[in-house]
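Trainee: For the sequence shown, numbering that gives the first Met the number 0 gives the first residue as 0, with consecutive numbering after it. Even for Gly, the Cβ is constructed at its ideal location relative to N, Cα and C. Nothing here was measured: the structure is a model prediction, and the numbers come from that model.
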Amino acid sequence: MSFANNNANTDMLQRALTALPLAKIRERAFEGAFFSVTLIAMAGWVYFITLLLVKLFLWFLG
Numbered sequence: 000m001s002f003a004n005n006n007a008n009t010d011m012l013q014r015a016l017t018a019l020p021l022a023k024i025r026e027r028a029f030e031g032a033f034f035s036v037t038l039i040a041m042a043g044w045v046y047f048i049t050l051l052l053v054k055l056f057l058w059f060l061g
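Here's what the structure looks like:
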């Protein structure tokens, strides 16, 4: 009985150890996606503000 219990514990431990890298990859992928969306949003705001400033500058000159 002890051998079967030990074998089951070893099997569960191996499953946990193989799931750990997948969890790390999933976490890194989520962080990368969040960072990418944040950079795109920041670039959009920079473009929008620059466009407004250029229009304001051209309005002052015209």
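In angstroms with no decimal places, state the Cα-to-Cα distance between L19 and M41.
Mentor: Each residue's alpha carbon lies about 33 Å from the other.
Trainee: Go ahead and pull the three-state DSSP assignment for G43.
Mentor: DSSP places G43 in helix when its eight states are reduced to three.
Trainee: For R14 and chain D, any beta-carbon pair shorter than 7 Å?
Mentor: Absent from the structure is chain D; it holds one protein chain and no more.
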